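So the structure is just underneath, and the comments pick up after that.
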Amino acid sequence: MTTALVGLSASNAEAYCRSGMTKWVSPGTAKTIGANTTFPSSLRAGLNSGLKQWNRSSSALRYNSPVYTSGWQIYAFRASYGYTSLMGNAPGYAAAQRSGSTHKGGTLYLSNRFRWVNGSQNISQGKADVQTVAVHEVGHFTGLAHPWPPHCSDGSSYTNAEKKSVMTAVNTGTRRALNSDDIAGVRAIY
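When the letters of the sequence shown are read in order and numbered with the working numbering, they come out as residues 1 to 190.
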């Protein structure tokens, strides 16, 4: 199967938001997410594609394909199929291991309370696209925040580029590819 990497282009690509976010402590080392072998096989391609989208930015930060192993807890960066109350009604959640303004890992949760698809998502109907959620949550590990108030408190306006970003995830449908704003954000950080 061939996956097309198509992103939306949007101008002004200078308004990405980092309010309250941390960045990876050592961006020159590729990040590998570990997951238990019980992680659903139907979610694996979407998780991998969501990680790899961030490699398109031409920044120093790189994500490897996930490793599925019974020893997954040895990884500082983990994927979990389950639920934590921190998620609320969201299909995914990024919990970073913070130390000041950086982090060295964390857990990416994909909720077992949603019906997962590899295609068109409709969150209000409980249907989530694996790659859309993964690329968004990995964006938080990368260092980007939700670009609208009150999440973004940097005083910038909510631009057209941000509205089309993978980091805008409220009732936006399926967003699998980075746009110019996402790419500008990761390049500015790394």
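We treat Cβ as the ideally placed atom computed from N, Cα and C, and that holds for glycine.
Everything numeric in this text was worked out from a predicted model, so none of it was measured.
Are residue i and residue j close, meaning C-beta to C-beta below 9 Å?
i	j	result
residue 79	residue 39	yes
residue 108	residue 17	no
residue 67	residue 105	no
residue 125	residue 46	no
residue 182	residue 165	yes
residue 116	residue 43	yes
residue 22	residue 128	no
residue 187	residue 57	yes
residue 195	residue 32	Coverage of the chain is limited to positions 1 through 190, which leaves residue 195 absent and any answer about it impossible.
residue 59	residue 189	yes
residue 161	residue 146	no
residue 142	residue 24	yes
Locate the alpha helix (DSSP H) running through residue i, then write down its first and last residues.
i	result
residue 50	41-53
residue 180	180-189
residue 163	160-163
Out of the options, which one is the CA nearest neighbour of residue i?
i	options	result
residue 61	95, 100, 26, 118	26
residue 122	44, 111, 172, 49	172
residue 81	97, 37, 54	37
residue 54	99, 110, 120, 139	139
residue 103	185, 77, 65, 84	77
residue 87	112, 72, 73	112
residue 83	163, 110, 142, 48	110
residue 41	69, 85, 30, 28	69
residue 163	148, 156, 63	148
residue 48	150, 118, 157, 73	118
Please name the residue or residues paired with residue i in a DSSP beta bridge.
i	result
residue 104	Answer is none; residue 104 lacks a bridge partner.
residue 129	117
residue 109	80, 93
residue 64	For residue 64, which the question treats as bridged, DSSP gives no partner whatsoever.
residue 34	67, 78
Please list the terminal residues of the continuous beta strand (DSSP E) segment that includes residue i.
i	result
residue 99	92-99
residue 80	77-82
contact_flag[the segment 172-186, the segment 125-139] where n(CB pairs < 8 Å) is 3 or more: Yes: at least three Cβ pairs fall under 8 Å.
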